[in-house]
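Enquirer: Next up is a structure, given as structure tokens.
In our numbering, the protein residues as written are 668 to 1121.
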């Protein structure tokens, strides 16, 4: 590695990294008391914004407009591929989808209008199915996506991950059998957003930085749902005041799963082969002559300076929000409603969850039978288990279901679908096996935490 000279970093440059990063931690990760209950600022801002928008126009109308725009863009691109979409990175990302995902959006559109205007079979628009998804879930997500789109960059774009990543490097290879540079990728996925993490991992894989095994491990083990989605899950079971304990339980269970899963099938069967047959040489993360703090600070300051100022920050935030509104909301409308319809109208998920019943009873989980019916439904959509858990009376069981749904990670309405849409060496069968393995590994850990908390 070439000799890199040390330089004295001016205070103004350090503050450019430090102030946004601290702000991100305060807004997204620091609990405080409001009206006697513990909450975090992003939740407070989101609820205030939700009430403000609702006083002007019902949010479900805006949700339906987003779904209409999403479907229209995808259809226009399929038919014509106009330059105004082709030459716009965001519009192309939202519009260029496979036939299957276009169909899924159209299903979401149909269900959205059937629910809003109460037409068609009642099972689709009832308060327990489509009504729950449209009015209770997505209307809340609409403003959470809006707020988080502009707050998450404080954690991901101003150098905090680069700084933390330097300190995690020394444990990545011995503990997780991953290259040092993946520390930043993993932290970005864990703190930021799973879909962003999957996209980043796929890019690193295609460029030869990760082998097939490493890329598969990172995408399926570290691409956690965002802090924002954790809030959504907690709000579904009315437990936002438990955020700190909840996230600690999720983090510990996730780390244990990350230790075990790479060492068992199917991840252990992946080869250390490279996408184009060539491995890219990467320098040591910490050059000789630098301490971890000095090198981490240097990387963090450089990242903060690359951010490009207020205009780039606003443009980046707007892109994130629009991508979530147009890309994710229609799929949640479709997958969430259909999963609830299956749950309400058929015994499918109860049957699939039956094998978990003896384990739940062994772990002394209250209302074990009701809990078992939620164990597999999360493969369709991560938020559905917590929606079903809202009907369960016992708070300990609600906590367990909500936490397990987050640690399962691989749900087909978003993260799983993104993985299948990339060149990552992970199949649908792999995803389902990993989903079941994650459930079996993380469930006892979550239950242990719950027994201490309740």
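Note that the Cβ used here is the ideal one computed from N, Cα and C, for glycine as well.
1) Using beta-carbon positions only, say whether residue 1105 and residue 924 come within less than 8 Å of one another.
2) Check whether the Cβ atoms of residue 1011 and residue 803 sit closer than 8 Å, and answer yes or no.
3) Between which two residues does the alpha helix (DSSP H) carrying residue 990 extend?
4) With DSSP run on the structure shown, which of helix, strand or coil describes residue 759?
5) Less than 8 Å separating the beta-carbons of residue 1068 and residue 1052?
6) Give me the residue from 830, 1009, 1063, 844 with the minimum Cα distance to residue 1044.
7) Quick check: the Cα distance between residue 683 and residue 833, rounded to an integer number of angstroms?
8) Which residue comes first and which comes last in the alpha helix (DSSP H) that contains residue 1040?
9) DSSP on residue 809, reduced to helix/strand/coil?
10) Please report the straight-line C-alpha distance between residue 953 and residue 844, rounded to a whole angstrom.
11) What residues in its chain sit with their C-beta under 6 Å from that of residue 933, if we drop five residues either side in the sequence?
12) In three-state terms, what does DSSP make of residue 1018?
13) Where does residue 700 fall in DSSP's three states?
14) Along the alpha helix (DSSP H) that carries residue 965, what are the first and last residues, could you check?
15) Quick one: what's got a C-beta closer than 7 Å to residue 805's C-beta in the same chain, skipping five residues either side?
16) Find the nearest neighbour of residue 810 within the set 869, 987, 877, 982, judged by alpha-carbon distance.
17) Name the one or two DSSP bridge partners that residue 616 has.
18) Just to confirm the assignment, what range does the alpha helix (DSSP H) spanning residue 1110 have?
19) Leaving out five residues on either side along the sequence, give the residues of the same chain with a beta carbon under 7 Å from the beta carbon of residue 1103.
20) Give me, in chain order, the residues of the same chain whose beta-carbon lies closer than 8 Å to that of residue 989; leave out the 5 immediate sequence neighbours on both sides.
Expert: Taking the definition as stated:
1) yes
2) no
3) 976 to 990
4) helix
5) yes
6) 1009
7) 19 Å
8) Element bounds for residue 1040: n/a, residue is neither H nor E.
9) helix
10) 19 Å
11) 1097, 1100
12) helix
13) strand
14) 959 to 973
15) 730, 996, 999, 1000
16) 987
17) There is simply no residue 616 to check, as the chain begins at 668 and stops at 1121 in what is shown.
18) 1095 to 1120
19) none
20) 757, 761
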